[in-house]
Amino acid sequence: MAVKKADPREEILGQERVMQQDMRRLRANYPENAAYIQCYVEDACDRMDYEGSRMYDEHPDKYMMRKVCDSIHSQIRRDSGRMGVESGFCRRCGNLPDEALQDLIEVLFFNEVYRRRCRRRRAGCSQEIRGCVVCTGI
């Protein structure tokens, strides 16, 4: 009886699913403000996550990365003002001092970029490889 070899892509995908579940469990324990900001960070990273993105450069442009963080900060301030501090999900976010909010955004953003870069590296992706099961989520 021949032993069927597992497809390496399936193995990578299975490992990635376990890591994603672990990340979700840990993020469920984030403080309210951090969880709220994480949503904005993930949205910004999703928009930057494409083939050839500067997010995956060996040395990402510091100015570009800070500009993304500033954009997230502005969007949170606009939304917090529009929703009002009493809006439920993030009652305290509108009351965070600007410096503390900016610092938290930067920490969460650079962590998310690092996580995505690691995920792509684990999958052995380069910008020339198309159809990666990890990068495409298939």
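Following my numbering, the numbering of the sequence shown begins with 89 at its first residue and continues without gaps. Beta carbons are placed, not taken as given, at the ideal position from N, Cα and C, and that holds for glycine. Predicted, not measured: the structure shown is a model, and the values here were computed from it.
Would you decide whether residue i is buried or exposed? Buried here means 16 or more other CB atoms lie within 10 Å of its CB.
{"i": "residue 206", "result": "exposed"}
{"i": "residue 151", "result": "exposed"}
{"i": "residue 210", "result": "exposed"}
{"i": "residue 154", "result": "exposed"}
Rounded to whole angstroms, what is the Cα-Cα separation between residue i and residue j?
{"i": "residue 196", "j": "residue 103", "result": "23 Å"}
{"i": "residue 131", "j": "residue 100", "result": "24 Å"}
{"i": "residue 159", "j": "residue 166", "result": "11 Å"}
{"i": "residue 157", "j": "residue 121", "result": "16 Å"}
Can you tell me the Cβ-Cβ gap for residue i and residue j, rounded? I've got them flagged as a contact below 8 Å.
{"i": "residue 126", "j": "residue 115", "result": "7 Å"}
{"i": "residue 204", "j": "residue 143", "result": "7 Å"}
{"i": "residue 161", "j": "residue 189", "result": "6 Å"}
{"i": "residue 129", "j": "residue 200", "result": "5 Å"}
Terminal residues of the continuous alpha helix (DSSP H) containing residue i?
{"i": "residue 124", "result": "120-136"}
{"i": "residue 187", "result": "186-210"}
Can we count residue i as close to the ligand COA, meaning its CB is less than 7 Å from some heavy atom?
{"i": "residue 141", "result": "With respect to small molecules bound, the structure shown includes none, and the ligand COA cannot be examined in it."}
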